Structure formats: structure tokens, C-alpha cells
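Below is one structure; the comments refer to it alone.
2 protein chains.
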Amino acid sequence: MSAERWLTALQENGYRLTESRRAVVEIVAASARALTPLEVFDLARAAHPDLGLVTVYRTLEKLEEMHLIQRVHQPGGCQAFLTAGQGHQHLLLCQKCGRAVFFEGDDLQPLFDSIAEKTGYAIQEHWLQLFGLCRACQ
Amino acid sequence: MSAERWLTALQENGYRLTESRRAVVEIVAASARALTPLEVFDLARAAHPDLGLVTVYRTLEKLEEMHLIQRVHQPGGCQAFLTAGQGHQHLLLCQKCGRAVFFEGDDLQPLFDSIAEKTGYAIQEHWLQLFGLCRACQ
DNA sequence: CTCCTGATGAAAATTGTTTTCATTATAAAG
DNA sequence: CTTTATAATGAAAACAATTTTCATCAGGAG
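So the protein lines, in turn, are chains A and B. Numbering follows the working numbering, with no gaps: position 131 of the first sequence is 131. Converting from the second sequence to the working numbering requires adding 1000 to each position, the first position being numbered 1.
Here it is as C-alpha cells:
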């Protein structure tokens, strides 16, 4: 459970530890799939009913700044957030339940070198994301 | 110039060929970088001043349905559209000017197989996108 | 406990996109 | 070259998602 670690990190960055933030952090940290701000809002209100949607946005913004969560791009939309991977990792998402798994794949450099040569671009960054069905959903 | 080809394709799909559509199609087909609906609107109005933004949205929607253009995901947002690649291709974008280039990279199967084995997911699809600086922007 | 100030939630404002609808213009038929 | 049916248009309204404003509240340093 990374919720406590995130809350500590927020405090260490000079932010206050409030009930609202705790409710948001606990939902996002515990989720195995990416959640939209509205989903976080709905889920977190179970623990803290007078949470405002604005606070969800503000908390997600801070967590993203601190690289504790990251935005996930999907065919259906790009507003959802997920616990961030450690260092440079790639994402694998279940198309049915959304369950996310990170993986490493650093044998890609030769491909990038060849693309750089062919195109003349100086390659700086890459995004690799896989979609499939998790074991439970197959 | 793919504009004429797209217009023909629209007609063949039973759509009418109008001044508004022509203006939109000519801008998008001629662009080397992804454009947002608003950018298309501004650029296309040079040729057809009483173009409506709604028509831009509607035309982009049809072009996307016909796989002539595709949505491009970028750190700054995911609303921009670009001439679609042929078959399964990957994108390389210039971080400065946005110029886009497609490339193939089908040596990825072994990586996917190994990920599938490690994670238990049945992999169905992948997105690979590179960012860098084009020759002119370096 | 007190006080300062960051954080909050409600409401308003803003932005991006979609829907509605009366009018216009394309393209097929005569 | 008309006539005509209807797809397409643009303006305005509706809608949805996100951000800003602001008066009030609560965390935590002292």
C-alpha cells in the first residue's frame, strides 16, 4: 500500500495532510487500473462524503507533479491516472478490466538507432504501450 | 497531395463534395504536423471565410472513420489529427516543430512474446511513438 | 490554545465539443 | 438548363470537463 508513503511525500513537500487528500490518495494508490478524476471523486466520497470534485483535480495535479501518478493514454480517452512506474517503464493494459502492469523493455535502442539514421531525427523519448487481456479476463 | 484523393474517397462513400469540406481537407492533407480542430478551422478559413467550426469537427470525424486521418497522442494533448499511415506504422514526432514521420518496426514480436509470458496477458495491440528533433530543428 | 496561512467546497467562469434547427447548396432526375 | 430531394451548413444553444474565484475552515507551527 503506497498511500502512506504518498501522504508522507506530500507533507515533505510542504503540503498539508488533510482528510480530503487522504481520501483521494487512498483510492488512487489502491487502484490496479487507471481512474478518471470523476471516478476518483465517486470512489473517494465513500470515505469522505463532503469531498469536492475540485479537490480531486487539485490533488491529482500535485501527485502528478511529484511523479507519484501518471496520465494514461487510451483509445477511449486520456484523462485517467495511474500509480506511476519506477524509472522508465512501459505499460500493459487489459482491454476489458483495465488492470495495468508495468514492464521493462530496453532492447529497443537498436531499433531507435536505425530509425534515427533513416529519418535524420535525433530521438529523445519514446512511448510504448501494449493492450491485451489479463489472465482473469481471457 | 492527397487532398483530391480524399475528396474522391468522400464522394465514393456517398458524401457530397462541398466548399467547406474541400477547405478542411486541403489543410489537413497538406500538413506535415498534427493539427487540432481549432487550428484546422483557423487555417481553412483563409480559403473559405464562412466556414463553421462545427463543420471542421464533422469533417474530421468522417475522415477518421474512413481511416484517412488519425488522432495523435502527445504530452500536451490528444486532440490533434494527422494524415494516417499506411497499414500498421509507428509515429515519430519532432518536439519542436511537430513534423511527423511514420516508420515500421516489426521486430517487436519477440519482445511482446516475452512480455506475454511474464505477465500472463494475451497481447492484442501496441502503440509505439517516438519523440525527437527533426533535422531542421536540431 | 492561538494564529497564520494553505486547503476546501460551492458557485461561477472558461474551454472544448456536440446537438438542434432553419436555411442553403449539391448532385441526380427530368 | 431547370427542378427537386435531401445532405450539409453555420449560428446558437446545450452539454461536459476543467479551472478560477472567493469566503470559510482546519492543519500544524509556535
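A virtual CB, placed ideally from N, CA and C, is assigned to each residue, including glycine. Quantities reported herein were computed from a predicted structural model and do not represent experimental measurements.
{"Item": "Between the CA atoms of GLU1039 of chain B and ARG1045 of chain B - distance to the nearest angstrom", "Value": "10 angstroms"}
{"Item": "Cβ contact check for the region 1002 to 1019 of chain B and the region 98 to 117 of chain A: 3 or more pairs under 8 angstroms", "Value": "no"}
{"Item": "Contact set for HIS67 of chain A: own chain, Cβ-Cβ below 6 angstroms, skip 5 residues either direction", "Value": "ALA84"}
{"Item": "For THR1018 of chain B, three-class secondary structure by DSSP", "Value": "coil"}
{"Item": "As assigned by DSSP and simplified to three states, the class of CYS1134 of chain B", "Value": "coil"}
{"Item": "N-terminal and C-terminal residue of the beta strand (DSSP E) that THR1083 of chain B is part of", "Value": "1077 to 1083"}
{"Item": "Chain-ordered chain B contacts of HIS73 of chain A [CB-CB under 8 angstroms]", "Value": "HIS1073, CYS1078, TRP1127"}
{"Item": "Buried or exposed (CB count within 10 angstroms, at least 16 for buried), TYR1057 of chain B", "Value": "exposed"}
{"Item": "Reduced DSSP category for GLU64 of chain A - H, G, I as helix; E, B as strand; rest coil", "Value": "helix"}
{"Item": "VAL101 of chain A classed as buried or exposed, judged by whether at least 16 other C-beta atoms fall within 10 angstroms", "Value": "buried"}
{"Item": "Integer Cβ distance of GLN1074 of chain B from LEU1093 of chain B, believed to fall under 8 angstroms", "Value": "7 angstroms"}
{"Item": "Short CB-CB distance (under 8 angstroms) between GLY1087 of chain B and chain A", "Value": "no"}
{"Item": "Under 7 angstroms by beta carbon: chain B residues contacting GLN138 of chain A", "Value": "ALA1122"}
{"Item": "Beta-carbon gap between LEU128 of chain A and HIS1088 of chain B smaller than 8 angstroms", "Value": "no"}
{"Item": "Three-way DSSP call (helix, strand, coil) for GLN1095 of chain B in this model", "Value": "coil"}
{"Item": "Near-chain B residues of the region 97 to 109 of chain A (beta-carbon distance less than 7 angstroms), N- to C-terminal order", "Value": "VAL101, PHE103, GLY105, ASP107"}
{"Item": "Exposure of THR8 of chain A, with buried meaning 16 or more beta-carbon neighbours within 10 Å", "Value": "exposed"}
{"Item": "Proximity test, Cβ basis, 8 angstroms: GLY132 of chain A and chain B", "Value": "yes"}
{"Item": "In DSSP terms, what LEU1035 of chain B is bridged to", "Value": "B:PHE1081"}
{"Item": "Under 8 angstroms between C-beta atoms of TYR121 of chain A and CYS1097 of chain B", "Value": "no"}
{"Item": "ARG33 of chain A at chain B interface by Cβ criterion, 8 angstroms", "Value": "no"}
{"Item": "For ILE69 of chain A, the residue or residues it bridges with in DSSP", "Value": "A:THR83"}
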